[in-house]
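> The sequence shown begins at 19 in the numbering used here and counts up by one. Got a structure here, written out as C-alpha cells. Questions coming.
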Amino acid sequence: MAEKTIAGLPGKGISLWLDTTVQTDFSPLDGDIRTEIAVLGGGIVGILTAHLLREAGRDVVIVEGRRIVSGVTGHTTAKITSLHGLIYHHLTKAFDPQKARIYAEANQSAIESYARMVREKGIDCDFRRLPAFTYAEEAKDLDAIRREVDAALSLGLAASFVQPTDLSFPVQGAVRVEDQALFHPRKFLLALAQEFDRAGGRIFEETRALEIRTGHPATVETDRGKIRADHVVLATHFPFFDPHFFFARMYPKRSYVLAVRIGGEVPQGMYYSTSQPFHSLRPHPLEGEDILLVGGENHKTGEGGSTAERYRKVEEFARKHFKVRSIEYRWSTHDPVTTDRVPFIGSPLFRNIHVAAGFGGWGMTHAMVAATLLRDKIAGVENPWSRLYDPARISFTGAGSFVKENLDAAVHLIKDHLLPPGHLDPGTLAPGQGRIATVGGRKRAISRDRQGVLHTLSPSCTHLGCIVSWNDAEESWDCPCHGSRFDSAGRVIHGPAVRDMSPKGGDK
Ligand code: FES
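Here you go:
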C-alpha cells in the first residue's frame, strides 16, 4: 500500500495494520458467473459474513473494488468492545428496555465470538482481553458517566464507576466494562480470508460492483462481468444500492489516529473520552514493546477545514498527556452514523438483498453482529436481535439530527454550486495540493498528484452531485453530503458513489 509523506505531519502516512501485513493479490472477476451468495465488499463485514456462510456450506463469492481489508477496516483502531462511548443511557431512553438489552447482548456476544474464533483457529493476531473505559476529564460530564454506569448495569454488562483510572493524567471518573478485547484486524481477517479461499470460497479483488438488478436470482453488474446470485450482501460500508434512502438517514464522520511510542507505562485498557472532539487510546504491541494508538478529532467528512490540522491536534493532545518518544504512524478513518445511533442490518425491501451499514465508529463488534444476523437471515432462521437493527425501522429518536443532516446536504448541494470559487493558475499547484477553482470560466476540481500530474475534474460528486472538497492530509476529494471519497485522479475510494469523477480537459 502506498504511504503518503506530507511535510510537517508526523509518522509514516499509512496505517500500522497495512504496513505490518502483506498485500493480497486475488485476481479480478473474469466474465460472468453464477453463485448462491455474492458478498459485495471485502472489509470486516464482508469477510466475516462470507466466512460464516461458507461454514454453513453455502457457495459464496466476495467482490472487492480495491484490495480486501484495505479500506475502512484497514484504518480502524480495532477496539472490540460493547462500550460505545455513552450509548446505554441513550438506548434506554430512545428504545424500549428490551431493545437496549439486545444491543448490549449482541455486542457482548460478538466479543466472545472473536475470542472463540481466535482460539479455535489458532489465529496469531495480537488478540487480548482488556477493560474498556469511557472517561470524563471535566466534572460537568460526571453525571453522564454515572447514568451510563447505571444503564449498562441494568442491561447486564459488567460495568462499574471508577475514579481514578490507570491513566497518567487526571480524570474525573469513568465507566469501566471488564473483559473487552482488541486485536490486529488485518492479521485476523487475512487468516480468515485464506481459510475461506482454501475452503472453495472465491474472492475477486479490483472488481467494482456498479449496479444491482433485483430478481431471483439478482444480478450484480460489475466492471468485470455479471454475477447472478440468489442472495446479495451489501457490505460496502455505505450501500450504493439504496431504495431505502440510507443516504438521508446516515451521515459520514472522519477521525484520526497516531501510533506513538511513549516514555513510562502504556495504559492497559481502551479509553474513550466524553469530550468533543473525543479522544481514544489503546495499546498495541510493536517490535517488542507496547505503543499507544491515540485517536480522535472527529468531524463530518468533507467539512471542518484542513485535515492536516486534525493530525496536528491529535499530536498536541498526545504530547500534552504523554511523554512522546516518537510518532510511528498516522492514518484516518471514516464511518457513517445513523441518526438514532443503531446500525442498519437486514433485508428491508427485497428479501434477497441484504445490507449492513452505519456502525458509527464501532465497527468491530457490529461487524460480527451483522455477519451473524445476515447468516441467520439467509438461512431463514429467526434471530431475536433482528428487530433492533431492522433498516426499515421508523425511529423518531434522532429526528433533529435527521433534519439537520439532510438540510446540511441540501445546503451543500445548492450553495456550493452557486458559490464562485477563486481563479487559479494551475502552475502554482504543488504536488499533493488540490483546490476547487475556476478554470476557463468553469468550476473545476484541480489537483496535482505526487508524480506531478495535474488532474482537472468536474467537481460534482458522482453520487448525487454535491461539490467535493480537498482533503489535504489524505490528498483526496471528499464529499460533504454522504461521504464519498475519490483519489486525486478522481477514482472512487469510498461510496456511495461507484463511478469515478469526470475528467475535464485531460491530465497534464
Ligand atoms: Fe452523496 Fe456525494 S456522497 S452527493
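Where is the CB? At the ideal position from N, CA and C, for every residue including glycine. Computed from a predicted model, the values in this text were never measured in an experiment.
Pull up the DSSP beta-bridge partners for GLY191, would you.
In the sequence shown, the residue the question calls residue 191 occupies position 173. Answer is ALA154.
> For PRO354, which residues from the same chain have a beta carbon less than 7 Å from its beta carbon, with the 5 sequence-adjacent residues on both sides left out?
Walking along the sequence shown from the start, residue 354 turns up at place 336. Within the same chain, PRO354 has close Cβ partners PHE256, MET268, TYR269, PRO270, ALA375, GLY376, GLY501.
> So which residues touch the region around ligand 1, with touch meaning a C-beta under 5 Å from any heavy atom?
Per the Cβ criterion, the list is CYS479, HIS481, LEU482, CYS484, CYS497, CYS499, HIS500, SER502.
> Is it true that the region 77 to 92 meets the region 126 to 135, where meeting means three or more beta-carbon pairs spaced less than 8 Å apart?
Touching, no, given that fewer than three Cβ pairs across the two stretches are closer than 8 Å.
> Going residue by residue through the region 435 to 517, where are the continuous beta strand (DSSP E) segments of at least 3 residues, counting only ones entirely within it?
The region 435 to 517 contains these whole beta strand (DSSP E) runs: 452 to 457, 460 to 466, 472 to 475, 487 to 489, 494 to 496, 503 to 505, 510 to 512.
> State the start and end residues of the unbroken beta strand (DSSP E) segment that holds ILE53.
Numbered from its first residue, the sequence shown carries residue 53 at position 35. Correcting the residue type first, residue 53 is Thr in the shown sequence and not Ile. Element bounds for THR53: 51 to 58.
> Quick one: using the 10 Å Cβ neighbour count with 16 as the cut-off for buried, is PRO261 buried or exposed?
Along the sequence shown, one-based indexing puts residue 261 at 243. Answer is exposed; the Cβ neighbour count stays below 16.
> Identify which residue in ASN316, LEU252, GLY306, ASP308 has its Cα closest to the Cα of ARG272.
Working through the sequence shown from its first residue, we reach residue 272 at position 254. Considering only alpha carbons, the answer is ASN316.
> Quick check on LEU66: buried or exposed, where buried means 16 or more other Cβ atoms within 10 Å of its Cβ?
Locating residue 66 in the sequence shown gives position 48, where the first residue counts as 1. Buried.
> Let me know if LYS97 comes out buried or exposed under the rule of 16 or more other beta-carbons within 10 Å of its beta-carbon.
Here residue 97 corresponds to residue number 79 of the sequence shown, with the count starting at 1. So LYS97 ends up on the buried side.
> Express the C-alpha separation of ILE163 and ALA192 in angstroms, rounding to a whole number.
Your numbering for residue 192 matches position 174 in the sequence shown. Your numbering for residue 163 matches position 145 in the sequence shown. Going from the Cα of ALA192 to the Cα of ILE163 covers about 6 Å.
> If we count the other Cβ atoms within 10 Å of its Cβ and call it buried at 16 or more, is THR446 buried or exposed?
Counting from 1 along the sequence shown, the entry for residue 446 is found at position 428. It is exposed - the Cβ of THR446 has fewer than 16 other Cβ atoms within 10 Å.
> Measuring straight from C-alpha to C-alpha, what distance separates ASP525 and GLY508?
Taking the sequence shown and counting its residues from 1, the one referred to as residue 525 is at position 507. Taking the sequence shown and counting its residues from 1, the one referred to as residue 508 is at position 490. Note that ASP525 scores a pLDDT of 48, beneath 50, so its modelled location is shaky; the value from the coordinates is reported in the next line. Taking the straight line from one Cα to the other gives about 11 Å.
> By DSSP, does ASP525 sit in helix, in strand, or in coil?
For this step, residue 525 is matched to residue 507 along the sequence shown. Low per-residue confidence applies at ASP525: pLDDT is 48, beneath 50, and the placement is therefore not dependable, though the value from the model is reported in the following sentence. Of the three classes helix, strand and coil, the one that applies to ASP525 here is coil, per DSSP.
> Please report the distance separating the alpha-carbon of LEU310 from that of VAL332.
Position 292 of the sequence shown holds residue 310. Position 314 of the sequence shown holds residue 332. Going from the Cα of LEU310 to the Cα of VAL332 covers about 12 Å.
> Buried or exposed for PHE263, going by 16 or more other Cβ atoms inside 10 Å?
Within the sequence shown, residue 263 is the residue found at index 245, counting from 1. With fewer than 16 Cβ atoms within 10 Å of its Cβ, PHE263 is classed as exposed.
> Would the beta-carbon of ALA253 fall within 9 Å of that of VAL387?
Locating residue 253 in the sequence shown gives position 235, counting from the first residue. Locating residue 387 in the sequence shown gives position 369, counting from the first residue. Against a cut-off of 9 Å, the Cβ pair of VAL387 and ALA253 comes out as no contact.
> Measuring straight from C-alpha to C-alpha, what distance separates HIS481 and ARG84?
Translated into positions along the sequence shown, residue 481 becomes position 463. Translated into positions along the sequence shown, residue 84 becomes position 66. Going by the C-alpha atoms only, they are around 19 Å apart.
> Considering HIS352, what are the terminal residues of the beta strand (DSSP E) in which it resides?
Position 334 of the sequence shown holds residue 352. Note, HIS352: beta strand (DSSP E), 341 to 356.
> Short check: CB of PRO409 to CB of ARG242, under 9 Å?
Looking up residue 409 in the sequence shown gives position 391. Looking up residue 242 in the sequence shown gives position 224. Contact: no.
> Rounded to whole angstroms, how far is the Cβ of ARG475 from the Cβ of LYS522, which I believe are closer than 8 Å?
In the sequence shown, the residue the question calls residue 475 occupies position 457. In the sequence shown, the residue the question calls residue 522 occupies position 504. For the record, residue 475 in the displayed sequence is Leu; it is not Arg. With 8 Å as the limit, LEU475 and LYS522 qualify as a contact, their Cβ atoms being about 6 Å apart.
> State the Cα-Cα distance for the pair ASP43 and GLU223, rounded to the nearest angstrom.
Walking along the sequence shown from the start, residue 43 turns up at place 25. Walking along the sequence shown from the start, residue 223 turns up at place 205. The straight-line gap from Cα to Cα measures roughly 7 Å.
> Using C-beta distances below 6 Å, list every residue in its chain close to ALA209, excluding the 5 sequence neighbours before and after it, in chain order.
Translated into positions along the sequence shown, residue 209 becomes position 191. So the list reads ILE141, once near-sequence residues are dropped.
> Going straight from the alpha carbon of GLU130 to that of THR351, what length do you get?
Within the sequence shown, numbered from 1, the residue matching residue 130 stands at position 112. Within the sequence shown, numbered from 1, the residue matching residue 351 stands at position 333. Cα-Cα distance, rounded: 25 Å.
> Alpha carbons only, please: which of THR152, GLU493, CYS497 is nearest the one belonging to VAL486?
As a working note, residue 486 is residue 468 in the sequence shown. Among THR152, GLU493, CYS497, the Cα nearest to that of VAL486 belongs to CYS497.
> Under DSSP, the beta strand (DSSP E) around THR237 begins and ends at which residues?
Locating residue 237 in the sequence shown gives position 219, where the first residue counts as 1. THR237 -> beta strand (DSSP E) spans 236 to 240.
> Could you please give me the residues that DSSP links to SER298 through a beta bridge?
Position 280 of the sequence shown, counted from the start, is the residue given in the question as residue 298. Answer by DSSP bridge pairing, in chain order: TYR290, GLY313.
> For PRO115, is the classification buried or exposed, using 16 other Cβ atoms within 10 angstroms of its Cβ as the cut-off for buried?
Locating residue 115 in the sequence shown gives position 97, where the first residue counts as 1. Looking at its Cβ environment, which holds fewer than 16 other Cβ atoms inside 10 Å, PRO115 is exposed.
> My assumption, with CB atoms under 8 Å, is that TYR274 sits in contact with ARG204. Please give the rounded CB distance.
Within the sequence shown, numbered from 1, the residue matching residue 274 stands at position 256. Within the sequence shown, numbered from 1, the residue matching residue 204 stands at position 186. Wrong, their Cβ atoms sit about 19 Å apart, outside the cutoff.
> Give me the residue from ARG300, ASP159, PRO295 with the minimum Cα distance to GLU283.
Stepping through the sequence shown from its first residue, residue 283 is reached at position 265. Answer by Cα proximity: ARG300.
> What is the C-beta distance between ARG165 and ALA177, in whole angstroms, given that I count them as a contact (C-beta under 8 Å)?
Residue mapping note: residue 165 aligns to position 147 of the sequence shown, counting from 1. Residue mapping note: residue 177 aligns to position 159 of the sequence shown, counting from 1. Going by Cβ atoms, the distance from ARG165 to ALA177 rounds to 11 Å, so no, they are not a contact pair.
> With which residues is MET268 paired in a DSSP beta bridge?
Counting from 1 along the sequence shown, the entry for residue 268 is found at position 250. BP columns for MET268 point to THR356.
> Using the beta-carbon count (16 or more within 10 Å), is ALA397 buried or exposed?
Counted from its first residue, the sequence shown places residue 397 at position 379. Looking at its Cβ environment, which holds fewer than 16 other Cβ atoms inside 10 Å, ALA397 is exposed.
> Just the C-alpha distance for PRO285 and ASP144, rounded to the nearest angstrom, thanks.
Stepping through the sequence shown from its first residue, residue 285 is reached at position 267. Stepping through the sequence shown from its first residue, residue 144 is reached at position 126. Approximately 16 Å between the Cα atoms of the pair.
> Can you look up PHE362 in the DSSP assignment and give me helix, strand or coil?
Counting from 1 along the sequence shown, the entry for residue 362 is found at position 344. Here PHE362 sits in strand by DSSP.
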